[in-house]
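Order-wise, the sequence lines are chains D, R and A.
Take 1 as the starting number for the first sequence in this note's numbering and just add one per residue.
Take 1 as the starting number for the second sequence in this note's numbering and just add one per residue.
Take 1 as the starting number for the third sequence in this note's numbering and just add one per residue.
Using N, Cα and C, we set each Cβ at its ideal position, and we do this for glycine too.
Bear in mind that the values here come from a model prediction, so they are computed numbers and not experimental data.
Take a look at the structure below.
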Amino acid sequence: MKENIISALEKVRTNSPLVHNITNYVVMNNTANALLSLGASPVMAHAIEEVEDMVTIASALVINMGTLSKNWVEAMITAGKKANEKGTPVIFDPVGVGATAYRTTVATQIITHSKPSVIRGNASEIMALSNANIKTKGVDSTQSADSALDSAKKLANETGAVVVISGETDFITNGKDVVCIKNGSPIMTKVTGMGCTATAVIGAFAGVEGNMLEATSAAMAVMGICGEIAARESKGPGSMQVNFLNQLYNISADDINSRLKLSYE
Amino acid sequence: MKENIISALEKVRTNSPLVHNITNYVVMNNTANALLSLGASPVMAHAIEEVEDMVTIASALVINMGTLSKNWVEAMITAGKKANEKGTPVIFDPVGVGATAYRTTVATQIITHSKPSVIRGNASEIMALSNANIKTKGVDSTQSADSALDSAKKLANETGAVVVISGETDFITNGKDVVCIKNGSPIMTKVTGMGCTATAVIGAFAGVEGNMLEATSAAMAVMGICGEIAARESKGPGSMQVNFLNQLYNISADDINSRLKLSYE
Amino acid sequence: MKENIISALEKVRTNSPLVHNITNYVVMNNTANALLSLGASPVMAHAIEEVEDMVTIASALVINMGTLSKNWVEAMITAGKKANEKGTPVIFDPVGVGATAYRTTVATQIITHSKPSVIRGNASEIMALSNANIKTKGVDSTQSADSALDSAKKLANETGAVVVISGETDFITNGKDVVCIKNGSPIMTKVTGMGCTATAVIGAFAGVEGNMLEATSAAMAVMGICGEIAARESKGPGSMQVNFLNQLYNISADDINSRLKLSYE
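This is how it looks when you write it as structure tokens:
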């Protein structure tokens, strides 16, 4: 797997895939910067008048419902359908699903109509997606990642998507295989939009690598390794955000070789 | 008061109150990061379809009209009414009130229909709120904080809210008592959204402490102390923003004990 | 020209011009911070109900169509017309024009109805504006700046605006004269919204200096010099963003005197 991750990162830097993001207001700046730092080319566009044109020239579509509203949901679904038609991977981040009835309804609509290739959430979100009885508290997880693994497998099998549970250990599953990544740092949870950034970074890898389990594992490995290197020199969440972007720009094959903690469940 | 501030900070870190923000596009990232750094749990949600559900699970609601528009104002008022019904504190930031007729109208609507527990603004904004003849220049204050104190007391008495005037000295009043805090640094005015961040931080303290004068004083004290520590090591506004978040994460009882400059008017 | 740049910077810091921005979600925070760091006073407001009032008290209007949608475009045009009426300079950033048909249509509408004093884009955008056959890839340029110079001159002559092509060399033309600035650093392209920040900074200079060729040249010179100083001490794009804001705050006449690489074509 190490070689695949290194080669996928190389492909992102060489091909600079255009990643079309329909995402939330809170993280737009971070995720654009993360994609640029990594070597990809971000574009944010949500007008119903142009999302089909934009996704047509993109290598991946990232849909993030963090600050959703009616017009944006329409654009997400319209763009998602076009991406499906073109065979362009759709990466979906169901931020806060389970916190309100509206989020749960919208997440279901997006999964139904925009057929995501990858779904990434925290444990609460993944559990809420496959079981309407789970309540989430706002956008932060109240569940541990491993408690959500069965839900993730079920969701993967039902939707055909690779499902990622972010947490102290990240779990990535296609419903059968499970990849575990133990990189990262607790301070990542104190920077807003780190999960959303992971979803955008998956978009970059999915734009250059056809195997979604591999693309997603590579993205999560790079996130975790950059996070743990950045954390070493960070006095707090402010520095962490800055150092993390620097690491996405500087991460090397050596960093991956020496630090990757990847296993199969 | 020192003990109250330290214990309120401790409660924010232990309880991690969910703070529901309906705020402006410019500062969403900063205020989410400030709340996370402090130990609270931010959520940003503005869709009319979900604001009532979201505020129902929140410990405080922050309404900030920095980049207002029709749909957002509806959501602010709807969420505010639900918060009132639930007894959840509403913190209101009337950004730029007085700069345009629309802002003045909306601010009045929000105060009328969402009955804020706390209103925070700069001197120009507080004066504009209690006297329609004052004009503000965009979103930055043209008035000194102490010149607005009578307006603040009047506004507090009329609305029942604790009113904060941010400035070189912060004044916090319930219409009768006046708390003065002289912490902070001039460079805080060169970082966008520091006032909005103060409002969000008040939300976190109001979510754990029932006495609004104490909650608000604690929040403003923490803002000022973090600001002055961060300023010492900042070469400019860029570093200031980063160091400030680090300080919210790291501020200790010792910092508060040794630095607090609080008095009563 | 050096003396003009230094004196224009001094005027920005002394007069603190109010710059009204109707801009995109991705960069609002950066551009507000850049304007504050430079000494200007930013305001972001897009509600149709207030843009005319707001632009009336502003010294410049910045229109940036990075994350455009129907209501925002209406506000841009309404504000632009009022600015024209008042003789307030309009600075236009046609982000991503050429990437979708919608962006091309909107850019043409804005140029027609809001008569910009300055148009700033990358090479692809400037070429797309004066020739509908050029396709851009998202929001990053696929063309070199000098290849777009003829398009820029043509656009300047057709619209009466000063046109800026940002790139390794920045070209600024009124259709006849061409100013070239060779300051800056390649890492500026790895920070999102650096182009948008340039446009906002032009707004600040245009708010204090009536000659648009001089105002724009001064703005681009300050951007480039701050960028190259910031780059020296930046480990990556994260630090670059922070250091750049610090430099806007700290740039001195000496920095301009010793570093400016300005010539006439």
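Short of 7 Å from the beta carbon of residue 155 of chain D, and not among the five residues preceding or following it, lie these beta carbons of its own chain, in chain order: 119, 126, 129, 130, 163. Fewer than three pairs of CB atoms, one per stretch, sit closer than 8 Å, so the region 48-62 of chain D makes no contact with the region 26-45 of chain R. The alpha-carbon of residue 189 of chain D is positioned some 9 Å away from that of residue 237 of chain D. Rounded to the nearest angstrom, the gap between the Cα atoms of residue 76 of chain R and residue 205 of chain D is 38 Å. A direct Cα-to-Cα measurement between residue 79 of chain R and residue 161 of chain A gives close to 45 Å. Residue 100 of chain A carries a strand assignment under DSSP once its states are collapsed to helix, strand and coil. In this structure, residue 92 of chain A lies near residue 63 of chain A, with their beta-carbon atoms less than 7 Å apart. Judged by DSSP secondary structure, residue 40 of chain D falls outside any alpha helix (DSSP H); it is assigned neither H nor E. Residues of the region 57-68 of chain A whose Cβ lies closer than 9 Å to any Cβ of chain D, in chain order: 66, 67, 68. Looking at the backbone, the Cα of residue 176 of chain R and that of residue 158 of chain R are separated by about 12 Å. Of the residues assessed, residue 170 of chain A falls on the buried side of the cut-off, its CB having 16 or more other CB atoms within 10 angstroms. Checking the DSSP bridge columns, you'll see residue 264 of chain R partnered with R:179. Nearest to residue 89 of chain D by alpha-carbon distance, out of D:250, D:233, D:216, is D:216.
A straight-line Cα-Cα distance of about 15 Å links residue 115 of chain D and residue 203 of chain D. At a beta-carbon threshold of 9 Å, the residues of chain D lying near residue 239 of chain A are 242, 243, 245, 246, ordered along the chain. A direct Cα-to-Cα measurement between residue 228 of chain D and residue 174 of chain A gives close to 50 Å. For residue 26 of chain D, the nearest CB of chain R lies under 7 Å from its own CB, placing it at the interface with that chain. Using a CB distance below 9 Å, the part of the region 173-204 of chain R facing chain A consists of 187, 189, 190, 191, 192, 193, ordered along the chain. Contacts with chain D at 7 Å (Cβ-Cβ) include residue 37 of chain R. Residues of the region 93-120 of chain A with a Cβ closer than 9 Å to any Cβ of chain D, in chain order: 96, 99, 100, 101, 102, 103, 105, 106. When 7 Å is used as the limit between beta carbons, residue 255 of chain R is near no residue of chain D, the shortest such separation being about 13 Å. Membership of residue 19 of chain R in any alpha helix (DSSP H) is not indicated; the residue belongs instead to the beta strand (DSSP E) covering 18-22. If you compare the alpha carbons of D:226, D:97, D:31, D:222 with that of residue 3 of chain D, the shortest gap goes to D:222.
Residue environment for residue 102 of chain A: buried (at least 16 other C-beta atoms within 10 angstroms of its C-beta).
Within chain R, no C-beta atom comes nearer than 7 Å to that of residue 33 of chain D; the closest sits roughly 11 Å away. The distance from the Cβ of residue 179 of chain D to that of residue 213 of chain D is about 7 Å, consistent with a contact at the 8 Å cut-off. Of A:145, A:124, A:259, A:82, the smallest CA-CA separation from residue 110 of chain A is found for A:82. The continuous beta strand (DSSP E) containing residue 162 of chain D extends over residues 162-166. Around residue 27 of chain R, the same chain offers 193, 196 as residues with beta carbons nearer than 6 Å, after the five sequence neighbours per side are excluded. Annotated as proximal: residue 66 of chain D and residue 95 of chain D, with beta-carbon spacing under 7 Å. Annotation: Cβ neighbours of residue 249 of chain R in chain D (cutoff 7 Å, chain order): 190, 236, 237. Apart from the 5 residues on each side of it in sequence, residue 74 of chain R sits with its Cβ closer than 7 Å to the Cβ of 48 in its chain, given in chain order.
Residue 231 of chain R sits away from residue 5 of chain R, with the two beta carbons spaced by 7 Å or more. Interface annotation, residue 54 of chain D: in contact with chain A, CB-CB separation under 7 Å. When rounded, the separation of the alpha-carbon atoms in residue 112 of chain D and residue 106 of chain D is 10 Å. Counting along the chain, the unbroken beta strand (DSSP E) around residue 60 of chain D starts and ends at 60-64.
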